[in-house]
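Going by this note's numbering, the first residue of the sequence shown is number 29, and it counts up by one from there. Heads up, the thing below is written out as structure tokens.
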Amino acid sequence: MRMPAPDLALMARKAGIVRALKRLVPGEGVIGEPAGLVPFQSDGLSAYRQTPLAVVLPETVAQVSAVLAWCQANGVKVVPRGAGTSLSGGALPLEDGIVLGMAKFNRILEVDYANRCAVVQPGVTNLAITGAVEADGFYYAPDPSSQVACTIGGNVAENSGGVHCLKYGLTTNNLLGCEIVLMSGEVVRLGGKGFDAAGYDLLGVVTGSEGLLGVVTEVTVRLLTKPQTARAMLLGFASVEAAGATVGDIIAAGVIPAGLEMMDRPAIVAAEAFVGAGYPTEAEALLIVELDGPEAECVELSAHVAGLAEARGATTIRTSESDAERLAFWAGRKAAFPAVGRISPDYYCMDGTIPRRQLPHVLTKITEMGLEYGLGVANVFHAGDGNLHPLILYDADQPGQLEAAEAFGADILRLCVAVGGVLTGEHGVGVEKRDLMGEMFNDTDLACQQRVKCAFDPDLLLNPGKVFPRLHRCAELGRVHVHRGAVAFPELPRF
Numbered sequence: 029m030r031m032p033a034p035d036l037a038l039m040a041r042k043a044g045i046v047r048a049l050k051r052l053v054p055g056e057g058v059i060g061e062p063a064g065l066v067p068f069q070s071d072g073l074s075a076y077r078q079t080p081l082a083v084v085l086p087e088t089v090a091q092v093s094a095v096l097a098w099c100q101a102n103g104v105k106v107v108p109r110g111a112g113t114s115l116s117g118g119a120l121p122l123e124d125g126i127v128l129g130m131a132k133f134n135r136i137l138e139v140d141y142a143n144r145c146a147v148v149q150p151g152v153t154n155l156a157i158t159g160a161v162e163a164d165g166f167y168y169a170p171d172p173s174s175q176v177a178c179t180i181g182g183n184v185a186e187n188s189g190g191v192h193c194l195k196y197g198l199t200t201n202n203l204l205g206c207e208i209v210l211m212s213g214e215v216v217r218l219g220g221k222g223f224d225a226a227g228y229d230l231l232g233v234v235t236g237s238e239g240l241l242g243v244v245t246e247v248t249v250r251l252l253t254k255p256q257t258a259r260a261m262l263l264g265f266a267s268v269e270a271a272g273a274t275v276g277d278i279i280a281a282g283v284i285p286a287g288l289e290m291m292d293r294p295a296i297v298a299a300e301a302f303v304g305a306g307y308p309t310e311a312e313a314l315l316i317v318e319l320d321g322p323e324a325e326c327v328e329l330s331a332h333v334a335g336l337a338e339a340r341g342a343t344t345i346r347t348s349e350s351d352a353e354r355l356a357f358w359a360g361r362k363a364a365f366p367a368v369g370r371i372s373p374d375y376y377c378m379d380g381t382i383p384r385r386q387l388p389h390v391l392t393k394i395t396e397m398g399l400e401y402g403l404g405v406a407n408v409f410h411a412g413d414g415n416l417h418p419l420i421l422y423d424a425d426q427p428g429q430l431e432a433a434e435a436f437g438a439d440i441l442r443l444c445v446a447v448g449g450v451l452t453g454e455h456g457v458g459v460e461k462r463d464l465m466g467e468m469f470n471d472t473d474l475a476c477q478q479r480v481k482c483a484f485d486p487d488l489l490l491n492p493g494k495v496f497p498r499l500h501r502c503a504e505l506g507r508v509h510v511h512r513g514a515v516a517f518p519e520l521p522r523f
């Protein structure tokens with residue numbers, strides 16, 4: 029079989045880009061060899077892969093600025109990347125663009141206890157912030173399940189949450205300031221160490237912007253003091269409906285737990301087999317409820333929650349007797365994703381958010397849809413704020429199963445929107461939900477959103493192909509209903 033002729037023009041362009049970038053980031057800061065590019069072909073949404081032109085690993089803000097300015101001047105697209113744990117394809121590269129990896133920005137620059145904050149570089153892992161301050165009685169509240177690996181820059185890009193987001197908020201609620209570099213190379217500081225910066229809330233705009241507006245080079249986060257007491261409860265139920273109803277009862281009673289998580293039976297069984305956390309494997313649904321604060325408050329609230337669970341027919345009610353037991357309760361939940369990976373060749377992790385009152389209805393519908401598609405599903409989610417993470421089980425080696433999993437996931441997200449929810453809670457839109465944005469937003473909404481991007485990135489070179497189902501040229505966005513000039517995205521490359 030004759031091999032296709034190499035694209036000499038593309039090869040020459042790539043060689044020229046690599047030479048120019050090596051002048052800006054010397055040493056081993058630029059990867060252009062095919063073998064070296066392989067680890068950067070995908071992020072956590074590994075069903076899609078693409079090889080970038082090159083990968084740049086800067087070490088200083090000046091280098092980031094120089095790379096972005098050069099790319100803008102030469103029309104080169106840039107995909108920012110942190111640890112690559114994104115589950116929505118947010119760091120999926122482009123074959124005609126470079127990846128700007130921020131892994132070398134991995135230092136904690138300052139811990140300021142007087143102002144209850146820390147200044148860190150974006151490549152610092154989420155858990156490392158707590159690790160640096162916990163000996164002094166402090167911690168960083170957002171705690172995604174991937175906190176051992178995910179970095180704070182990616183947390184800012186996706187507005188990540190975690191099991192304690194119900195009481196302590198998402199990344200945006202724990203962020204005080206950012207330094208970002210615009211596509212032009214301009215370095216901009218937003219916020220600082222205070223809670224309320226003057227002027228427009230640009231920090232709020234950047235948080236959750238998925239790398240479309242700028243590259244984060246420094247982050248100032250809030251530090252909280254560890255609560256005096258923390259107790260976790262395991263509440264097992266004979267049905268997901270009873271567990272979902274109990275979630276509503278807890279919040280309606282005025283109790284705001286530090287964490288309120290839910291798992292259905294497939295997830296319970298998988299997590300227990302993997303971790304041995306002491307979960308009741310006979311239960312159809314499990315709630316993990318953490319209460320923190322003064323000892324007396326925890327005792328009273330634990331009894332109150334137990335009463336609410338009992339009224340809904342709870343089959344298991346356990347309260348942690350030590351901090352080690354509390355952490356064991358959480359270990360199963362935090363290991364749920366890898367645990368499910370042991371029982372299925374592949375799984376597709378979804379992310380949508382619904383009103384809490386819709387939990388029983390939505391979980392029932394997901395089960396019904398699973399039967400229609402012939403695919404299993406394990407539900408693990410932040411029940412307190414309605415952020416669902418259904419794990420759709422499939423085998424990519426079986427023809428048609430990946431496509432069925434994607435269609436199943438899309439139907440789950442459509443259901444979330446239909447019951448008054450949204451397309452994402454913390455994983456972002458990326459490429460995964462890009463073509464579903466029309467389910468939630470009309471053309472006017474999307475045009476207004478893209479005007480914000482145009483203010484930061486008028487040439488549309490920063491992470492293009494993400495979030496927007498169609499990307500319009502900025503000059504044409506003065507008109508709302510613009511179709512000529514829309515750039516159609518190609519079919520995503522699959523692995």
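C-beta: ideal position from N, C-alpha, C; glycine also. Since the structure is predicted, the reported quantities are computational estimates derived from the model, not experimental observations.
What did DSSP end up calling arginine 135 once you bin it into helix, strand or coil?
-> coil
| message | Would valine 368 and valine 209 be called neighbours here (beta carbons separated by less than 7 angstroms)? | response | no
### Query
Between the C-alpha atoms of aspartate 35 and isoleucine 296, what's the straight-line distance to the nearest angstrom?
52 angstroms
Quick check: what's the CA-CA separation for alanine 142 versus aspartate 229?
24 angstroms
Close beta carbons around alanine 270, own chain, < 8 angstroms, minus the five adjacent residues each side: Ala313, Arg340, Gly341 and Ala342
| message | Our contact map puts arginine 135 next to leucine 204 with C-beta atoms below 8 angstroms; I'd like the distance itself, whole angstroms only. | response | Contact doesn't hold; Cβ gap of about 18 angstroms is too wide.
With a Cβ-Cβ cutoff of 7 angstroms, do tyrosine 76 and glycine 118 count as a contact?
no
In three-state DSSP terms, what is leucine 314? strand
- Item | Classification of asparagine 470 by the beta-carbon crowding that lies within 10 angstroms, buried from 16 upward | exposed
* Note the first and the last residue of the continuous alpha helix (DSSP H) segment covering alanine 446. => 429 to 446
Ranges of the beta strand (DSSP E) found wholly within the region 323 to 382, counting only runs of at least 3:
If you keep only unbroken beta strand (DSSP E) runs of at least 3 residues inside the region 323 to 382, you get 344 to 347 and 374 to 377.
Practice problem: Run the CB neighbour count on phenylalanine 223, radius 10 Å, all protein chains shown included, and call it buried at 16 or more, exposed below. | Solution: exposed
Exercise for review: In angstroms with no decimal places, state the Cα-to-Cα distance between glycine 112 and aspartate 71.
Suggested key: About 5 angstroms.
| request: Helix, strand or coil for cysteine 193, going by three-state DSSP, please let me know. | output: helix
When you compare only the Cα positions, how much space is there between leucine 85 and valine 95? Taking the straight line from one Cα to the other gives about 10 angstroms.
| said: In whole angstroms, give me the CA-to-CA distance for valine 408 and alanine 286. | reply: 17 angstroms
According to DSSP, is histidine 389 helix, strand or coil? helix
Sort out for me which residues DSSP pairs lysine 105 with in a bridge. Gly125
Please report the Cβ distance between glutamine 149 and glutamate 246, rounded to the nearest whole angstrom; I am assuming they are in contact, meaning their Cβ atoms lie under 8 angstroms.
-> 6 angstroms
- Extent of the continuous beta strand (DSSP E) to which cysteine 206 belongs: 203 to 209
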